[in-house]
Amino acid sequence: NGSPVPVPTPNLIRVVKNSNTLGIAIEGGANTRQPLPRIVTIQKGGSAHNCGQLKVGQIILEVNGISLRGREHKDAAKIIAEAFKTKEKDHIDFLVVDPG
Amino acid sequence: REKRLTLPPSEITLL
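As they're listed, the protein sequences go chains G and E. With the working numbering, letter number 30 in the first sequence gets 31, and the count goes up by one each step, no holes. With the working numbering, letter number 9 in the second sequence gets 12, and the count goes up by one each step, no holes.
Here it is as structure tokens:
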């Protein structure tokens with residue numbers, strides 16, 4: 002669209018499932034003020050915290066290559082929950098952006 | 004000009 006909006010660089014972060022919980026809280030989703038899920042909490046002792054790279058405030062663009070764009074909150078949460086639950090992989094790849 | 008947020012806030016889910 003030509004407007005000079007700075008585009009933050011996405012980061013791919015691999016979270017190894019080394020704890021019984023993922024340990025993040027997210028808010029947002031399609032048709033809300035926050036159209037892509039944003040990390041609002043990271044719980045100590047969870048796999049996300051152990052990974053050391055996920056941060057509060059980051060916006061999740063993709064989970065294991067699945068785009069969260071256009072997905073409503075419950076759908077996005079389900080995708081993340083299922084990525085954690087599946088035994089096919091011992092990790093989850095998050096594509097996130099750090100706003101500002 | 005004031006920008007109004009008309010979209011609802013989201014719920015929060017712990018995962």
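All C-beta atoms, glycine included, are put in the ideal place defined by N, C-alpha and C. What you are looking at is a predicted structure, and each value in this text was computed from that prediction instead of being measured.
Where residue i sits in the DSSP three-state scheme
i                     : result
residue 68 of chain G : strand
residue 12 of chain G : strand
residue 89 of chain G : coil
residue 62 of chain G : strand
residue 6 of chain G  : coil
Proximity to residue i [Cα-Cα], best of the options
i                     : options                : result
residue 11 of chain E : G:57, G:11, G:19, G:32 : G:32
residue 96 of chain G : G:59, G:74, G:72       : G:59
residue 42 of chain G : G:23, G:35, G:89       : G:23
residue 17 of chain G : G:5, G:72, G:54        : G:54
residue 20 of chain G : G:83, G:46, G:36       : G:46
residue 66 of chain G : G:34, G:84, G:78       : G:84
CB contact flag (residue i, residue j, <8 Å)
i                     : j                     : result
residue 49 of chain G : residue 16 of chain E : no
residue 57 of chain G : residue 80 of chain G : no
residue 13 of chain G : residue 38 of chain G : no
residue 62 of chain G : residue 98 of chain G : yes
residue 30 of chain G : residue 74 of chain G : yes
Residue range of the unbroken alpha helix (DSSP H) whose run includes residue i
i                     : result
residue 94 of chain G : Looking at the DSSP string, residue 94 of chain G is not in any alpha helix (DSSP H); the run it does join, the beta strand (DSSP E), is 92 to 98.
residue 79 of chain G : 74 to 86
Range covered by the beta strand (DSSP E) that runs through residue i
i                     : result
residue 18 of chain E : Segment: none, residue 18 of chain E is in no beta strand (DSSP E) and carries neither H nor E.
Amino acids of chain A, ordered along the chain, whose beta-carbon sits closer than 8 Å to that of residue i
i                     : result
residue 85 of chain G : Absent from the structure is chain A; the protein chains it does hold are G and E.
- prompt: Of all the alpha helix (DSSP H) runs that stay within the bounds of the stretch 22 to 56 of chain G, which reach a length of 4 or more residues?
  reply: DSSP assignment within the stretch 22 to 56 of chain G yields the following whole alpha helix (DSSP H) runs of 4 residues or more, N-terminal first: 48 to 52.
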